[in-house]
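J.: Residue numbers for the sequence shown follow the working numbering, beginning at 29 and rising by one.
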Amino acid sequence: MTNLSNDTFHSLSQFERQLCGIQGKMFELSAKQNLSSKEFIDFYMQSNTARFFDLPYDRTQWLGEESLLLDVLEEKQAMAHGNVYDTDCLFWIGYTYRYWHFLTQQTSRSIGKKCDAQTMHALYPAYHTLDCQQAIERILEA
Numbered sequence: 029m030t031n032l033s034n035d036t037f038h039s040l041s042q043f044e045r046q047l048c049g050i051q052g053k054m055f056e057l058s059a060k061q062n063l064s065s066k067e068f069i070d071f072y073m074q075s076n077t078a079r080f081f082d083l084p085y086d087r088t089q090w091l092g093e094e095s096l097l098l099d100v101l102e103e104k105q106a107m108a109h110g111n112v113y114d115t116d117c118l119f120w121i122g123y124t125y126r127y128w129h130f131l132t133q134q135t136s137r138s139i140g141k142k143c144d145a146q147t148m149h150a151l152y153p154a155y156h157t158l159d160c161q162q163a164i165e166r167i168l169e170a
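1) Going by DSSP in three states, H129 sits in which element: helix, strand or coil?
2) Determine, using beta carbons only, whether I121 and I69 come nearer to each other than 8 Å.
3) Among the candidates Y127, A150 and W90, whose CA atom is the shortest distance from the CA of D159?
4) Measuring CA to CA, which of A150, R137 and T147 is closest to L83?
5) Taking C-beta to C-beta, are Q89 and L151 nearer than 8 Å?
6) Which same chain residues end up closer than 7 Å to G140 when comparing Cβ atoms and leaving out the 5 residues on each side of it in sequence?
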């Protein structure tokens, strides 16, 4: 059983929670652009934009969700459309991925490889009402 130790866990700061919200809103915005949710999420988690967003400090953290989405779309100009997840699910996935990064200090790239968009979408109905830390612990246990 994988359990996040007290050494691994730290309370997220207000700034870290804001970054979780920005990423969640950026994932939501992908639906308004009718972007394929699976393709968008899986690409983003492996992207340079996510890598910069992982840094302790980077300009991307101050851009806001609209500009962050534009950075992702500049990085991958041809993105499929259709097959869009529900916006509540998209927000949860984006928020949870960023929370996971802060909780474990793992990169977006490694988190995305461990738990891709399709898996997160499948987990949403059962896990979205849990505290983020609990959801992440359960994902890591599986």
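Heads up, the beta-carbon is just placed ideally off N, CA and C, and yes, glycines get one too.
T.: Working from what's here:
1) Position 101 of the sequence shown, counted from the start, is the residue given in the question as residue 129. It is helical.
2) Looking up residue 121 in the sequence shown gives position 93. Looking up residue 69 in the sequence shown gives position 41. Yes; because the gap between Cβ atoms is below 8 Å, this pair is in contact.
3) As a working note, residue 159 is residue 131 in the sequence shown. If we check each option's Cα against that of D159, Y127 comes out closest.
4) For the purposes of this step, residue 83 is taken as the residue at position 55 of the sequence shown. For L83, the nearest C-alpha among the options comes from R137.
5) To locate residue 89, count along the sequence shown from 1; it is residue 61. To locate residue 151, count along the sequence shown from 1; it is residue 123. It is not a contact, given that the beta carbons lie outside the stated cut-off.
6) Along the sequence shown, read from residue 1 onward, the residue named residue 140 stands at position 112. Only D70, M73 and Q74 meet the Cβ criterion.
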